[in-house]
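Working notes, beginning with the structure itself.
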Amino acid sequence: MWSKSLIMTSKEAPADAEAASHRLLTRAGCIRRVAAGVYTYLPLGWRVLRRIQAIVREEMNAAGASELLMPALAPTELLRETGRAEAYGDLLFRFEDRHGRDSYLGPTHEEVITDLMRATITSYRQLPLNLYQIQSKYRDEYRPRAGLLRGREFIMKDAYSFSMTLEGPGGLNEMYDLMYQAYTNIFTRCGLDFSAVEAEAGPIGGSASHEFMVNAPAGEDKIMSCPESGYAANVEKCEIGHRDHNFDGPPTGDLEEVHTPECTTIEAVSKFMKVKPRNMLKNVVFQVQDEESPVRWIVAVVRADHDANEGKVRDAAGVPIGIAEDGAAMKGAGFAVGYISPRATIGRSDILLLVDPDAAQGMGPDGTKGMFWATGADKDEHHVKHFNWVREMGDALKDVRVVDIRNAEAGDPSPRVEGVALEERRGIEVGHIFKLGCKYSDAMGFRVLDENQQQQSVIMGCYGIGVSRTMAACVEMSHDDDGIIWPAAIAPYDVLITPLKVEDDAETMVVARDLATKLALAGLDVLVDDRNERPGFKFKDADLIGIPVRITVGDKGLAEGSVELKRRGEEGKGSLVKVEEVGAVLGIQD
RNA sequence: CGGGGAGUAGCUCAGCUUGGUAGAGCGCGGCGUUUGGGACGCCGAGGUCGCAGGUUCGAAUCCUGUCUCCCCGACCA
1 MWSKSLIMTS KEAPADAEAA SHRLLTRAGC IRRVAAGVYT YLPLGWRVLR RIQAIVREEM
61 NAAGASELLM PALAPTELLR ETGRAEAYGD LLFRFEDRHG RDSYLGPTHE EVITDLMRAT
121 ITSYRQLPLN LYQIQSKYRD EYRPRAGLLR GREFIMKDAY SFSMTLEGPG GLNEMYDLMY
181 QAYTNIFTRC GLDFSAVEAE AGPIGGSASH EFMVNAPAGE DKIMSCPESG YAANVEKCEI
241 GHRDHNFDGP PTGDLEEVHT PECTTIEAVS KFMKVKPRNM LKNVVFQVQD EESPVRWIVA
301 VVRADHDANE GKVRDAAGVP IGIAEDGAAM KGAGFAVGYI SPRATIGRSD ILLLVDPDAA
361 QGMGPDGTKG MFWATGADKD EHHVKHFNWV REMGDALKDV RVVDIRNAEA GDPSPRVEGV
421 ALEERRGIEV GHIFKLGCKY SDAMGFRVLD ENQQQQSVIM GCYGIGVSRT MAACVEMSHD
481 DDGIIWPAAI APYDVLITPL KVEDDAETMV VARDLATKLA LAGLDVLVDD RNERPGFKFK
541 DADLIGIPVR ITVGDKGLAE GSVELKRRGE EGKGSLVKVE EVGAVLGIQD
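Numbering-wise, this note's numbering puts 331 at position 331 of the first sequence, and it's gapless, one number per residue.
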């Protein structure tokens, strides 16, 4: 009964809620904001989450994983073992308890579970294992946004696998493939339009990583895909097919210095110098984070209308790096911050120069004239025009490495099929599977004896699903102007029965109750809108909360022994169905 | 963390420029008329105007500080 639950719908949503899922979940009474990025899941929303969780549990269990529950609260010393107390930085919710012990709320649980495992597992005979939990996670995001899409507290299913080997039965690759299949099953059963894409594997090494993306224009992630080969990857990871490059080409004029005060952004320089960004070289400085490396800095040169890709730069350089943010340190290293050119690297053994093929061009696009380039002048508040690679770099040109270091864009050549262009769409990341390797087991000393009596690091994988985000992604994907359209598998109720008169003895109410009982006995979740409201009011609410099937019980229909059955999302008024045939129409047995 | 915006009734907002009795719509309670796509009339309850200072005879309004929230960006499973 609607009146017995807390289903509070609203005609209005906060004016600043822009994402459809945020607006509709709020209006439909599924969630309510408590603080920035923190939400109460109201009865309707919680039902959806429970259904998603049920599907997740079924598929995880079927894939051989076992459920447990770890605490959200943990001692920070665990994170110190892996260095993640620092790595997470401000993203971590941390505090001292009354005894001054440093604690944190879990953003994820690699350390907690590895701590558990190292105390519990001592022999290869106990492996492989895959353990998971469904739990609230805490991340103090810089900017929570779009309701449930990026919250500070959110529900996540996280799983961790432990294997002795990479290959073979019980190996990491098998565990990973099992999870890949389980995730595919889960999101398919949830009724989502999604794709699995290759993702940035992070600084751990060449291990694989896939993200499961719900296709939705409001998504935060950009997905590139090749329509021929089926290759799909996050833009952070997406390779670009072969592009020709050639530094040779005549200068377009004498190198000319231009005074460009206050022009530290591409946009400002472009406007000030009246040069299109595609004729400018952008020089992005990265700082090497490996103390041992003789190379301290990397200058990545891309065309100014392109974006440098940190992961590709890192892979090309072969050392851990970060975007250089410390202006003083950069100045100390001789960089004219904001006005750098490739020439800044000449004669510097501590700087590695990487150039993207599109920037490594001496000839203009028409192939007759040289390519016009503008770039920094390596002195404050100045840029140069008529930069020519051969003339300006001289002998240093032979040390320049030309390599793909930028983000892919729509229209770029596919890395898999020659002559095919990449396409772009947006997605919401709802799942991420990841081959961790030994990063955590090594850091935390989790080793077991193998069959040869040797201590060996355990190989881990981790597998996450944003459960609350999945609910939001589902609304982003499936809604119309009137409200949410829940996929049947995760709808809060299967059927909404709307009697138009609700007095206890009204015939419509009697029929509605009987029908509800009958359908419930057949295993359906049924909600009866017993509120004493006008029909139009109840229909609007019905559309808003998006139950897949609405059965309207009114005097008109009952006169011929019928009720009206309408599926959400279907045009028109639905169809008249004899009361005794409702079960059959819904595909259940009497 | 950079840029922008907002805090006034349960919700969405007006009022602030030019200081002087606290407003509307929705929602809520009562009564009546209504009843197949967010009805209508009448009556009513509900706000120390985010918080703290300051200026002033007098502050929602002006000033200072502070907290919170939202949007864009950067960053991030």
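Quick reminder that beta carbons are idealized off the backbone N, C-alpha and C, glycines included. Note that the structure is predicted; figures quoted are calculated from it, not measured.
Around the beta-carbon of Q289, fewer than 16 other beta-carbon atoms lie within 10 Å, marking it exposed. In this structure, M471 and I52 form a Cβ contact; the two beta carbons are roughly 6 Å apart against a cut-off of 8 Å. The alpha helix (DSSP H) runs lying completely inside the segment 55-122 and spanning 4 residues or more are 77-82, 84-88 and 110-120, given in chain order. Within the same chain, Cβ atoms closer than 6 Å to the Cβ of A336 are found at D378, K379 and D380, the five residues on either side in sequence being excluded. Of the candidates L73, E418 and Y440, the residue whose Cα lies closest to the Cα of H242 is E418.
Annotated three-state conformation of L281 is strand, per DSSP. Between L24 and the set K11, S457, S349 and A35, the nearest pair of CA atoms involves K11.
Judged by DSSP secondary structure, R425 falls within the beta strand (DSSP E) whose first and last residues are E423 to G437. In the same chain as C190, and ignoring 5 residues on each side of it, the C-beta atoms closer than 8 Å to its own belong to I52, I55, T470, C474, P487, A489 and I490, in chain order. In the DSSP assignment, Y41 is bridged to I31. Taking the Cα positions, D193 is about 6 Å away from N215. Around the beta carbon of I113, 16 or more other beta carbons sit within 10 angstroms, so the residue counts as buried. Segment contact: the segment 150-158 against the segment 459-467, three or more CB-CB distances shorter than 8 Å; contact assigned. One alpha carbon belongs to G362, the other to E476, and they sit about 46 Å apart. Listed in chain order, the non-local C-beta contacts of T252 below 6 Å within the same chain comprise G370, F372 and H386, local neighbours out to five positions each way being set aside. Collapsing the DSSP output to three states places V526 in a strand. Three or more beta-carbon pairs drawn from the segment 284-301 and the segment 311-325 are found closer than 8 Å, and the two stretches are therefore classed as touching.
In the structure shown, K222 falls within a strand segment according to DSSP collapsed to helix, strand and coil. Bounds of the beta strand (DSSP E) holding M460 are I459 to G466. Just measuring C-alpha positions, the residue of L73, M164 and G151 sitting nearest R447 is M164. Of all C-beta pairs linking the segment 354-368 to the segment 426-445, fewer than three are shorter than 8 Å, placing the two stretches out of contact. In terms of Cβ geometry, G147 and T26 form a close pair [threshold 8 Å]. In the structure shown, A159 falls within a strand segment according to DSSP collapsed to helix, strand and coil.
The three-state reading of DSSP puts T9 in coil, since its state is none of H, G, I, E or B. L178 and A17 have their C-alpha atoms some 38 Å from each other. A direct Cα-Cα distance of roughly 50 Å separates E533 from A233. A distance below 7 Å between beta-carbons, with the five flanking residues on each side excluded, links P227 to the following residues of its chain, in chain order: V420 and E423. Distance from the Cα of E77 is smallest, within the candidate group G100, S195 and A317, for G100. Sequence-distant partners of E239 (beyond 5 residues in either direction) whose C-beta falls short of 8 Å from its own C-beta, in its chain, are A233, D404, A408 and P415. Take I134, set aside five residues on each side of it, and the residues of its chain with a beta-carbon closer than 6 Å to its own are Q53 and K157, in chain order. Secondary structure of D543 (DSSP, three-state): helix.
In this structure, the CA atom of A300 is about 16 Å from the CA atom of G347. Rounded to the nearest angstrom, the Cβ distance from H383 to V197 is 38 Å, too far for a contact under 8 Å. When DSSP reads this structure, M213 sits in a beta bridge with S195 and E429.
Nearest Cα to A182 within the set R80, F212, M273 and L68: F212.
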